[in-house]
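The opening position of the sequence shown corresponds to residue 1 in the UniProt record's numbering, with each subsequent residue numbered one higher.
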Amino acid sequence: MRLAQIYLKGIGAELGRASHNHFSPQGCVNVAPSDGIDFVHPRDLDDFRHHSQEQAGYGIAPARVDHVADAAALPFGDASLDYIVTSHVLEHIPDVISAWQEWERVLKPGGINFMVVPKRDAEATDQTRAITQLDDLVAAYERRDTVLSFPELPWRGHYHVFTLQVLLAALNWYNQNEMGHWQLEALEETDGQIGNGHTLVLSRQDGAPPALAAVLDDLVGAFNDGQDWDRVQWRARQALSQNFRLHEVWLLLSIAEEKRLDITAAREAMSQALILQPANTNYHARYRELTGQAFSYPISLIDYLARSL
1 MRLAQIYLKG IGAELGRASH NHFSPQGCVN VAPSDGIDFV HPRDLDDFRH
51 HSQEQAGYGI APARVDHVAD AAALPFGDAS LDYIVTSHVL EHIPDVISAW
101 QEWERVLKPG GINFMVVPKR DAEATDQTRA ITQLDDLVAA YERRDTVLSF
151 PELPWRGHYH VFTLQVLLAA LNWYNQNEMG HWQLEALEET DGQIGNGHTL
201 VLSRQDGAPP ALAAVLDDLV GAFNDGQDWD RVQWRARQAL SQNFRLHEVW
251 LLLSIAEEKR LDITAAREAM SQALILQPAN TNYHARYREL TGQAFSYPIS
301 LIDYLARSL
């Protein structure tokens, strides 16, 4: 996976690794709620056995568990890791915002939070469920939801159904409310590993987010100057980390990525601009110039919006 090769470097941990679908580097430790002997909650032992049976269906053994812990209470010191990677795990965490705070605690400044979440139609049982909204994530944080909060639901099942845009909204809320400070690094509307998920890559930043107005002023100045495309990229990412609905900023980011010769990143940024402005003919023309193809609105969003009418 291209983004994994770029961002997963140094000392890191994968949470809930699956042997049949992992992409963490050699030496990355695995954290899970049970290893078949120890457990966070007694029901995690049964859950591990069920997971082992699933992995056996792929003809492989379950991944070795190096640390038994909950995703929101990691056994690592402050600022001790270079990255945390989760693949098809975030939807199993009741309180995502508290988990993000915990991951921010254990990451070094600039450390990477690398997440892949399933598309809403990746799991048959999720296809008819409502998409989790930002208000749902905030309410879960305010209640401090845990796996014990939902005795009526499958143990550590899918508590959420995500779109990439919901996660971007959560990123914006997190930064705007000074829960901490994450910066957007990269994304994929369709992940480059299996293709049934979304990818979101964030980096831990020190201090409070910069004032959005100042970021936008510097972004426009750097873009008009046309000399420092790394700066345009950086400022665009800063702005989108606070308000992903600024479709013009996605356009500027796309142009900067193209100037930096990263056509894949340019395409992804242009896709987000078009998701926000699907009738913009100039955006469609630029997408076709970048890719040689017409833009297709993500089917998971079309399906959800159509059934909400």
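Glycine included, each C-beta is placed from N, C-alpha and C at the ideal position.
The C-beta of Gly226 has fewer than 16 other C-beta atoms within 10 Å across all chains shown, which makes the residue exposed. Scanning its chain for C-beta atoms nearer than 8 Å, with the 5 sequence neighbours on each side dropped, one finds around Leu290 the residues Ser254, Glu258, Ile263, Ala266, Arg267 and Met270, in chain order. Trp155: not part of any beta strand (DSSP E); DSSP gives it neither H nor E. One Cα belongs to Leu219, the other to Val68, and the distance between them is close to 44 Å.
Of the residues assessed, Leu261 falls on the exposed side of the cut-off, its CB having fewer than 16 other CB atoms within 10 angstroms. The beta carbon of Arg235 is closer than 7 Å to those of Val215, Asp218, Leu219 and Ala222 in its chain, skipping five residues each way along the sequence. Bounds of any alpha helix (DSSP H) do not take in Glu14; it lies within the beta strand (DSSP E) bounded by Gly12 to Leu15.
Judged by DSSP secondary structure, Pro118 falls within the beta strand (DSSP E) whose first and last residues are Leu107 to Pro118. Here Arg204 is not near Glu102, since their CB atoms are 9 Å or more apart.
Taking all protein chains in view, the Cβ of Pro33 is crowded by 16 or more other Cβ atoms within 10 Å, so the residue is classified as buried.
For Gln183, the beta-bridge partners assigned by DSSP are Ser203. Fewer than three Cβ pairs drawn from the segment 17-32 and the segment 105-112 lie within less than 8 Å of each other, which leaves the two stretches out of contact.
Counting C-beta pairs closer than 8 Å gives three or more between the segment 84-98 and the segment 166-179, which meets the contact rule.
In the DSSP annotation of this structure, Ser87 is not part of any alpha helix (DSSP H); the continuous beta strand (DSSP E) holding it starts and ends at Leu81 to Ser87. Taking the C-beta atoms as reference points, Val166 is found no nearer than 9 Å to Thr125. In this structure, Val117 lies near Phe162, with their beta-carbon atoms less than 9 Å apart.
With a cutoff of 9 Å on beta-carbon distance, Cys28 and Leu8 are scored as near each other. Note: Glu188 is bridge-paired with Thr199 in the DSSP secondary-structure output.
For Tyr58, the number of other beta carbons within 10 angstroms of its own is below 16, and it is reported as exposed.
Taking a 10 Å sphere around the C-beta of Ser87, we find 16 or more other C-beta atoms and assign the residue as buried. Cα atoms of Leu90 and Gly197: separation of roughly 12 Å, rounded to the nearest angstrom. Taking C-beta atoms as the reference points, Leu74 and Ala186 fail to come closer than 9 Å. Here Asp230 is exposed. Its C-beta has fewer than 16 other C-beta atoms within 10 Å.
Residue state for Val40 is assigned as coil, using DSSP reduced to three classes. Here Val166 carries a helix assignment [DSSP, helix/strand/coil]. Comparing alpha-carbon positions, the option among Gln55, Ser149 and Gln272 lying closest to Leu168 turns out to be Gln272. In the displayed model, Asp46 falls within a helix according to three-state DSSP. Under the three-state reduction of DSSP output, Asp230 falls in the helix class. In the DSSP secondary-structure assignment, Ser34 is bridged to Phe39.
Within the DSSP bridge table, the entry for Val29 names Ala13 as partners.
Listed in chain order, the non-local C-beta contacts of Ile6 below 8 Å within the same chain comprise Ala186, local neighbours out to five positions each way being set aside. Following the DSSP letters along the chain, one finds Phe223 inside the alpha helix (DSSP H) bounded by residues Leu212 to Asp225.
For Arg2, the uninterrupted alpha helix (DSSP H) segment begins and ends at Arg2 to Tyr7.
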